[in-house]
Amino acid sequence: MADVYLWHLAPDGLATRRQLRALGLRPGGQDVVAELHRPRRRRGPLVAYLYRIDHARPVRPMTPGRAAALAAAMRARRTCPNCRTDVGYCVPRSLGMCVTCHDTPSS
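For the sequence shown, the working numbering gives the first residue as 1, with consecutive numbering after it.
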């Protein structure tokens with residue numbers, strides 16, 4: 001069982017994934033050391049998992065292959081399946097097509 005701390009009361013030396021990323025680090029396979037709970041009135045608490053900063057590893061560098069794969073994935077998200085054009089923004093999943101195709105009445 002991991003230690004549980006209240007929001008803003010975690011000891012130094014622990015960080016969330018986002019905080020590690022801001023430091024140029026990643027968890028690197030280590031287990032969760034503690035949980036951070038932020039109480040909410042109507043729902044259950046927000047939970048953030050904490051990792052030890054001294055056991056974190058540097059973020060892996062972006063390779064040309066990873067950069068190409070990321071560019072292809074983002075291009076696919078920007079391409080409307082209806083009109084097959086790159087619309088310059090990520091096509092909303094709720095619409096399933098670009099806003100122009102969604103707003104244009106079909107004949």
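Where a beta carbon is used, it is the ideal one built from N, C-alpha and C, also for glycine.
Since the structure is predicted, the reported quantities are computational estimates derived from the model, not experimental observations.
query                                                                                                                                                     : result
Can you name the start and end residues of the alpha helix (DSSP H) that Leu20 belongs to?                                                                : 17 to 22
Since Arg78 and Val91 should fall inside the 8 Å C-beta cutoff, what is the C-beta to C-beta distance between them, to a whole number of angstroms?       : 7 Å
Under the assumption that Leu33 contacts Leu14 (Cβ atoms under 8 Å), give the Cβ distance between them as a whole number of angstroms.                    : The question names Leu, but residue 33 in the sequence shown is Val. Yes, Val33 and Leu14 are in contact; Cβ-Cβ is about 6 Å, under 8 Å.
Mind pulling the alpha helix (DSSP H) runs of 4 or more residues that sit fully within the stretch 50 to 93?                                              : 64 to 78
Does the distance from the C-beta atom of Val87 to that of Thr100 stay below 9 Å?                                                                         : yes
Taking only the alpha-carbon atoms, compute the straight-line gap between Pro45 and Cys83 and give it to the nearest angstrom.                            : 44 Å
Compute the Euclidean distance between the alpha carbons of Arg41 and Cys98, then round it to the nearest angstrom.                                       : 38 Å
Which whole-angstrom value describes the C-beta separation of Pro27 and Arg17, a residue pair presumed to lie in contact below a C-beta threshold of 8 Å? : 7 Å
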